[in-house]
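**Q** Submitted below is the structure of interest, expressed as structure tokens.
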Amino acid sequence: VPNLEHYAVLVDLLGRVGELDTAFEITRRMPFSPTTQILGTLLGACRIHQNGEMAETVAKKLFELESNHAGYYMLMSNMYGVKGEWENVEKLRNSVKNRGIKKGLAESLIEIRRMVHRFV
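In terms of this note's numbering, the sequence shown opens at residue 336 and continues consecutively.
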């Protein structure tokens, strides 16, 4: 019986190959509510494949589920910027500012010879 992790992998794989409509439909039909991780994966795929319409739909749901996650707002803001939709960029950034949402530090991890190195 497929579990939530199976659906997450399926959405990720479909998103990577550009099958966004199929991935989106799976999030709608799966027997679980999609998690923010699954929707975030789909949003990232929308950015890669430049599907702004679907990205807006997915982002709206993400903002409902996790309204204080700066990354989702920044991803949408960047998508609007690439398309030259500066009014939407300003609206999103003002929304982040008005809600008091702070962007956390980003970090990268690599492992070399069984030792993990962290970069902030």
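Quick reminder that beta carbons are idealized off the backbone N, C-alpha and C, glycines included.
#1: Over what stretch of residues does the alpha helix (DSSP H) that includes PHE359 continue unbroken?
#2: Compute the Euclidean distance between the alpha carbons of ILE447 and PHE454, then round it to the nearest angstrom.
#3: Please report the straight-line C-alpha distance between ASN423 and GLU360, rounded to a whole angstrom.
#4: Could you spell out where the alpha helix (DSSP H) holding PHE398 opens and where it closes?
#5: Rounded to whole angstroms, what's the CA-CA distance from LEU444 to MET450? Just pull it up for me.
#6: Helix, strand or coil: how does DSSP classify HIS341 here?
#7: Whose CA, out of LEU377, ALA405, ASN433, lies closest to the CA of LEU355?
**A** The structure says:
#1: 355-364
#2: 13 Å
#3: 26 Å
#4: 387-400
#5: 10 Å
#6: helix
#7: LEU377
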